[in-house]
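The listed protein sequences correspond, in order, to chains A and B.
If you count the first sequence from 1, position 395 lands on 438 in the numbering used here, and the numbers rise without skipping.
If you count the second sequence from 1, position 111 lands on 1167 in the numbering used here, and the numbers rise without skipping.
Using N, Cα and C, we set each Cβ at its ideal position, and we do this for glycine too.
It should be emphasised that the depicted structure is a prediction, and the values quoted were computed from it without experimental measurement.
The next block holds one structure in the form of structure tokens; read it before the comments.
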Amino acid sequence: MATITVKINGEEHEVEQGMTVLQACEKAGVEVPRFCYHERLSIAGNCRMCLVEVKPGPPKPAASCALPVAPNQEIFTDTEMVHKARNGVMEFLLINHPLDCPICDQGGECDLQDQAMAYGRSGSRYDENKRAVKDKYMGPLINTIMTRCIHCTRCVRFVAEVAGVEEIGLLNRGENAEISSLEKAVDSELSANVIDLCPVGALTSKPYAFEARPWELKKTESIDVMDAVGSNIRIDTRGNEVMRVLPRLNEDVNEEWISDKSRYACDGLRRQRLDRPYVRGEDGKLKPASWPDAMTAIAKAASGLKGTEIAAISGDQACAESVYSLKKLMTALGSPNTDCRQDGAKLDSGVRAGYLFNTTIAGIEQADALLIVGANLRWEAPIINARIRKRWLHGNLKVASVGPAVQTTYDVDQLGAGPETLKELADGKHAFAEVLKNAERPMLIVGPGAVAREDGAAVLAAAKKIADMCGLIKDDWNGFNVLHTAAGRVGALDLGFTPEEGGADVAGIVADAKGGKIKLVYLLGADEMDLTAVKESGAFVVYQGHHGDAGAHAADVILPGAAYTEKNGTFVNTEGRVQLARRANFPPGEAKDDWAILRALSETLGKPLPWIDFDGLRQSMRGEFPHLARIDDAEAATWADFGAAGPMDSAPFQSPIENFYMTDPISRASETMAECTQVFVLDRQEKGTGTNG
Amino acid sequence: MTAENFEFTGKHRAEAERAIAKYPQGRQQSAVLALLFEAQEQNHANGHYVTEAAMRKISDMLDMPYIRVMEVASFFTQINLEPVGEFHIQLCGTTPCMLRGAEDIRAAIESKLGIHAGQTTQDRKFTLTEVECLGACCNAPMVQINDDYFEDLTPAIMTDLIDRLAKGDAVTPGPQNGRMCSEPEGGPQTLQSGPAPQVKN
């Protein structure tokens, strides 16, 4: 893009043509205060805080957020006129803004508070009555104190543009203007981002109301594990308690948004926790035990067992380090029965391109045709869904779907419900195959609902056939994508946590346990499978995890581990991007780091793992899998053959997620998520509207 | 607000369709104000306001979210969201009218009808609303009653107007002090002699 020269406060700067004056100032490192302007939303120009003086131009201040730069423009941000203008705007904004900072949750992180300090007057000249506005209901997550609202309309623009549900608006006008969702809960998986966007304390967090002040909190930069997107988050803790989770900027992954589940499931970290080991007694009841007792009980159960009689299943939120430890332990014990695909997804760990979101999330913005196979993106990966909507809003993106007919935030051509349509596409008989062929950068997303079924390998092969036939794979473009919902899945597949030669997969392990061929099952945070069958099989079950969920109920020995905020760990997201989660607080009670539990267990079982500390483990893992050392990198995978062509069942694809707000032990234990479930899922089902309408 | 269904009928339907047809494909939302106005007209006998059902219908017809229709409807004082009386008195209270005695007019209406701005009489005959400038400043003070302007008011004229409306007598819109449009009171005052400026010689 052509660059032009402008003068900002007397200094010459090269800026891109088409930028606004505000953006140019930002690039030059000159601060311009603002409330309504937000770089990811459309320009509104209604707060007037960003006034600057521009020459040539009329002899009055100009709103820099809505003014394009022009060649040889002179911009001043530090003149008498600008100071006076900002001062005046601030005085007007404060006329109707209550002076309730001491009881406001935004206090300490409030744009209005900060800018009033920097640009405002020291006192007020206003003697009249201030206006008061009735608070609105916006759902279980968003708290409203509407008297504080300064009508920047960021929330209105966010839900309309990014979230794609037009449910918030600015009603009335002038002094009577009010933000409202017409007393409806804002029905979006991204709704709580308006809390971050609100520059004042009008929209604040309901579950976090009056919990803490920002300066009391310790901030830890980490990674979210509620889905496989790997959203970058900041965990705010006070003492040993996680108070809240906020998004962290990462242009390649989540931009600056996170889903409501990522943000609010954290209160589940305080409930239903396993804080000490348990061993099932003679009477069939779980009894508290000491660590040595629990270890001895496992050693006793494992003694005399052949390797093939032992199996291990890793869960959806397991970090790469613990999966690697478990794999090494199973190898040492001689067990080929390891699997990480609790849902039975027919993904092969051999070919990396066959289970990654190869296009990358940022790559979506270049796509011009998209076929979704068996996915409900709004629930399986809201952040990816938002990225597709962003691309769709730019125009010229054709989206089609084979799978469940679900609500989307962009126009989707519903081609069919199941494998029959997919077969038509793979045979080139369907019209949309032509669209993909003619597209420059075509994309295909295979959702978990398409591969987590008996004929998953055949579905995958059909999708691959479409990819090869329609030119989805080019020199600089890989349009084939597998979407995961489990944060630990790609890491575990990278580490080869799948059955070895002659080993059993999850279904096989359950069957063999029933048949008596497998006598010990080790569950590393595995809660999302048929655990009653495992429990009833008579095999000895060890559960290592952090919540008293399905896995713990099935267990004979429970080893309390750490949740994602309580440990350092490596997570690989659905793109194959390696990211580090960092410890923000400590596991409760006697619970321990997962890697340490496995190291101790290996000692007890007489097969000590060859490291004595976490660094040693990491070094060993990175030595064997060098890509896990390349942090924040999503390495491109080589295209190869995968899947197994074969007959497909005609049953339609179904998303595995029935309730977005409860998909893992943490969110199932969360009160906030329970409330969301009631409002957004159960109430809707009763009324028969919403997603099934 | 009622939850029953709403359909445009008769001439209102034709007018709504004409309004939508004015805009190019994909820009039908531009017709929202015209449709709100028609819906209100169609509902004239029934309180002269736009019902929720009507707004939902309009949002369907124009393929726009309900909240966007609501935003437009609530922005304009011309669109009533609550039923109004048979005679809707919209009193201009903006500066020129205020300087010429709009507050006295309001006091006259209030004492005559026993209602304040935003209220309707018990018999549902009259509603009083205070609105911003209606653009008849040269004939201030003034009110709009339903579709007509009544200008150059005094408290006595206003009270008399209300009496006649209540009885069902005919009233004449326009200036109430006998002058024509906004010509000077008592006939032309300037350019009485000499050639008219637009006539050469």
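Outcome for residue i when other beta-carbon atoms lying within 10 angstroms are tallied against a minimum of 16
i              : result
residue 606/A  : buried
residue 422/A  : buried
residue 346/A  : exposed
residue 242/A  : buried
residue 104/A  : buried
residue 435/A  : buried
residue 715/A  : buried
residue 1061/B : exposed
residue 1105/B : buried
residue 102/A  : exposed
residue 1194/B : exposed
residue 352/A  : buried
residue 655/A  : exposed
Beta-carbon proximity check, residue i vs residue j, cutoff 8 Å
i              : j              : result
residue 348/A  : residue 641/A  : no
residue 533/A  : residue 613/A  : no
residue 293/A  : residue 272/A  : no
residue 248/A  : residue 287/A  : yes
residue 1132/B : residue 1182/B : no
residue 1205/B : residue 1230/B : yes
residue 235/A  : residue 303/A  : yes
residue 1145/B : residue 1201/B : yes
residue 602/A  : residue 585/A  : yes
residue 420/A  : residue 428/A  : yes
residue 1123/B : residue 226/A  : no
residue 152/A  : residue 257/A  : yes
residue 390/A  : residue 487/A  : no
residue 479/A  : residue 412/A  : yes
residue 653/A  : residue 663/A  : yes
residue 84/A   : residue 164/A  : no
residue 125/A  : residue 96/A   : yes
residue 107/A  : residue 63/A   : yes
residue 597/A  : residue 314/A  : no
residue 550/A  : residue 317/A  : no
residue 723/A  : residue 418/A  : no
residue 577/A  : residue 556/A  : yes
residue 746/A  : residue 260/A  : Shown here, chain A extends from 44 to 736; a query on residue 746/A therefore has no answer.
residue 392/A  : residue 567/A  : no
residue 620/A  : residue 609/A  : no
residue 120/A  : residue 79/A   : no
Segment limits, alpha helix (DSSP H) that includes residue i
i              : result
residue 574/A  : 574 to 579
residue 1077/B : 1066 to 1077
residue 264/A  : Unbroken run through residue 264/A is the beta strand (DSSP E), 261 to 266; no alpha helix (DSSP H).
residue 1211/B : 1211 to 1223
residue 596/A  : 593 to 597
residue 1050/B : In the structure as shown, chain B begins at 1057 and stops at 1257. Residue 1050/B is therefore absent and cannot be evaluated.
Three-state secondary structure assigned by DSSP to residue i
i              : result
residue 77/A   : coil
residue 682/A  : coil
residue 520/A  : strand
residue 104/A  : coil
residue 588/A  : strand
residue 640/A  : helix
residue 756/A  : Nothing in the structure corresponds to residue 756/A, since chain A is present only between 44 and 736.
residue 1244/B : coil
residue 737/A  : Any property of residue 737/A remains undetermined from this structure, which presents chain A solely from 44 to 736.
residue 1102/B : helix
residue 1029/B : Within the shown structure, residues of chain B are numbered from 1057 to 1257, placing residue 1029/B beyond reach of any answer.
residue 456/A  : strand
residue 462/A  : helix
beta-carbon residue i near the ligand COA non-hydrogen atom, thresh 7 Å
i             : result
residue 487/A : Among the components of this structure there are no ligands whatsoever, and the ligand COA is therefore not found.
Opening and closing residue of the beta strand (DSSP E) in which residue i lies
i             : result
residue 130/A : Counting along the chain, residue 130/A falls outside any beta strand (DSSP E), though it belongs to the alpha helix (DSSP H) covering 123 to 138.
residue 355/A : 353 to 357
residue 186/A : 185 to 187
residue 558/A : Careful: residue 558/A lies outside any beta strand (DSSP E), inside the alpha helix (DSSP H) at 549 to 558.
residue 330/A : 329 to 331
Contact set between the stretch 1121 to 1147 of chain B and chain A, restricted to residues whose Cβ is under 7 Å from the partner
1121, 1123, 1124, 1126, 1127, 1130 and 1131
What residues from the stretch 212 to 231 of chain A come within 7 Å of chain B, judged by C-beta to C-beta, listed N to C?
212, 213, 214, 215, 216 and 225
Residues, ordered as in the chain, of the stretch 184 to 212 of chain A that lie near chain B by beta-carbon distance below 9 Å:
199, 203, 208, 209, 210, 211 and 212
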